[in-house]
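Quick note, the sequences are listed as chains A and B, same order. Residues in the first sequence are numbered consecutively from 262, following this note's numbering. Residues in the second sequence are numbered consecutively from 262, following this note's numbering. Here is the structure we will look at.
There are 2 protein chains.
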Amino acid sequence: MREPTFLILTALARAPMHGYGLITEVAELSGGRVELRPGTLYGALDRLADDGLVERDREEIVDGRARRYYRLTDRGETALGAEVERLSHTVRAAQARLSARATQRPAVA
Amino acid sequence: MREPTFLILTALARAPMHGYGLITEVAELSGGRVELRPGTLYGALDRLADDGLVERDREEIVDGRARRYYRLTDRGETALGAEVERLSHTVRAAQARLSARATQRPAVA
DNA sequence: CGAGGATATCTTCGCAACGAAGATATGTTC
DNA sequence: GAACATATCTTCGTTGCGAAGATATCCTCG
Numbered sequence: 262m263r264e265p266t267f268l269i270l271t272a273l274a275r276a277p278m279h280g281y282g283l284i285t286e287v288a289e290l291s292g293g294r295v296e297l298r299p300g301t302l303y304g305a306l307d308r309l310a311d312d313g314l315v316e317r318d319r320e321e322i323v324d325g326r327a328r329r330y331y332r333l334t335d336r337g338e339t340a341l342g343a344e345v346e347r348l349s350h351t352v353r354a355a356q357a358r359l360s361a362r363a364t365q366r367p368a369v370a
Numbered sequence: 262m263r264e265p266t267f268l269i270l271t272a273l274a275r276a277p278m279h280g281y282g283l284i285t286e287v288a289e290l291s292g293g294r295v296e297l298r299p300g301t302l303y304g305a306l307d308r309l310a311d312d313g314l315v316e317r318d319r320e321e322i323v324d325g326r327a328r329r330y331y332r333l334t335d336r337g338e339t340a341l342g343a344e345v346e347r348l349s350h351t352v353r354a355a356q357a358r359l360s361a362r363a364t365q366r367p368a369v370a
């Protein structure tokens with residue numbers, strides 16, 4: 262699972278959202294570092310739906326424009342949880358290596 | 262940057278290593294979750310070398326077999342640090358969402 | 001001694017996710 | 001009426017990875 266997909270699931274963990282809403286939400290979530298393109302977004306949503314991690318929710322018409330909402334499934338929640346677990350282990354390992362390295366080879370001696 | 266690449270940089274943060282050593286080291290680092298294949302490993306090393314994040318270190322002959330060591334460059338250390346920073350933000354955001362969701366929709370009511 | 005497994009390198013090829021780009025359409029703002 | 005924000009979706013190229021295998025040496029076990 263790559264970062265855009267991970268962030269889409271994370272965004273949907275709070276509440277069902279529609280595509281365009283996900284673009285802005287993911288941008289916020291990531292501190293502006295990830296700006297989803299439509300190709301990435303809709304490709305990921307289709308894939309996640311195929312995998313049963315998200316589902317089509319309701320559809321709304323707001324100001325004459327359709328909004329298609331997606332929601333996280335239970336399987337999606339489980340998958341996201343597993344990915345978080347995995348990532349936090351990896352991050353901790355890397356942090357430990359980097360601080361050990363800083364001790365061994367201090368930038369400022 | 263994807264997980265195999267991230268783990269290769271993390272492994273090299275401790276000390277220079279050769280390819281085969283990286284395979285076992287990354288497996289350990291990841292708790293056995295990531296088993297590098299040669300195609301992944303040498304492809305990543307070539308790419309990282311092109312990007313200046315790792316460098317060829319010394320070469321040793323041990324028991325008649327060549328060992329080509331790679332080391333993390335300063336740029337590589339910086340890149341790894343940035344990636345760790347980025348990931349830890351993302352992970353924290355996801356953890357917050359997941360626990361909020363658990364409060365809203367407890368699995369055990 | 002021969003087979004198999006561990007150590008060690010590297011290449012080829014296909015796939016999946018992403019990113020760039022753009023098509024389409026409505027509403028709002030200047 | 002031009003430009004921008006909202007909202008959908010498609011096409012196509014790139015990239016990193018994974019599967020598979022080629023090559024070679026050393027060690028262990030029967």
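Cβ atoms here follow ideal geometry from the backbone N, Cα and C, with glycine treated the same way.
Do you know whose CA, among the options, lies nearest residue i's CA?
i, options, result
"Pro-277 of chain A", "A:Thr-364, A:Ala-354, A:Gly-342 and A:Leu-314", "A:Leu-314"
"Leu-273 of chain B", "B:Thr-364, B:Leu-309 and B:Ala-361", "B:Leu-309"
"Arg-328 of chain B", "B:Ala-355, B:Gly-280 and B:Thr-266", "B:Gly-280"
"Ala-368 of chain B", "A:Arg-366, A:Ala-357, A:Leu-359 and A:Arg-336", "A:Arg-336"
"Ala-340 of chain A", "A:Ser-291, A:Asp-312 and A:Arg-366", "A:Asp-312"
"Leu-290 of chain B", "B:Gly-304, B:Tyr-303, B:Ala-305 and B:Thr-271", "B:Thr-271"
"Ala-305 of chain B", "B:Glu-264, B:Arg-294 and B:Ala-343", "B:Glu-264"
To the nearest angstrom, report how far apart residue i and residue j are at their CA atoms.
i, j, result
"Gly-282 of chain B", "Ile-269 of chain B", "10 Å"
"Ala-361 of chain B", "Val-345 of chain A", "15 Å"
"Ile-284 of chain B", "Gln-356 of chain B", "30 Å"
"Val-287 of chain A", "Tyr-303 of chain B", "33 Å"
Give the DSSP bridge partners of residue i, in chain order.
i, result
"Val-323 of chain B", "B:Arg-326"
"His-279 of chain B", "B:Tyr-330"
"Arg-317 of chain B", "B:Tyr-331"
Flag residue i as yes when its Cβ comes closer than 8 Å to any non-hydrogen atom of the ligand NAP, and as no otherwise.
i, result
"Ser-349 of chain A", "Within the structure as shown, the ligand NAP is missing, as the structure has no ligands at all."
Given a threshold of 16 other Cβ atoms within 10 Å of its Cβ, counted over all protein chains shown, does residue i qualify as buried or as exposed?
i, result
"Thr-364 of chain B", "exposed"
"Arg-358 of chain B", "buried"
Inset, instruction - Report yes or no: do the segment 311 to 327 of chain A and the segment 316 to 327 of chain B share at least 3 C-beta pairs separated by less than 8 Å? - result: no
Inset, instruction - Indicate whether the contact test is met: 3 or more Cβ pairs, each with one atom in the segment 295 to 308 of chain A and one in the segment 326 to 342 of chain B, closer than 8 Å. - result: no
Legend entry - Given 8 Å, three or more beta-carbon pairs between the segment 345 to 352 of chain A and the segment 349 to 360 of chain B: yes
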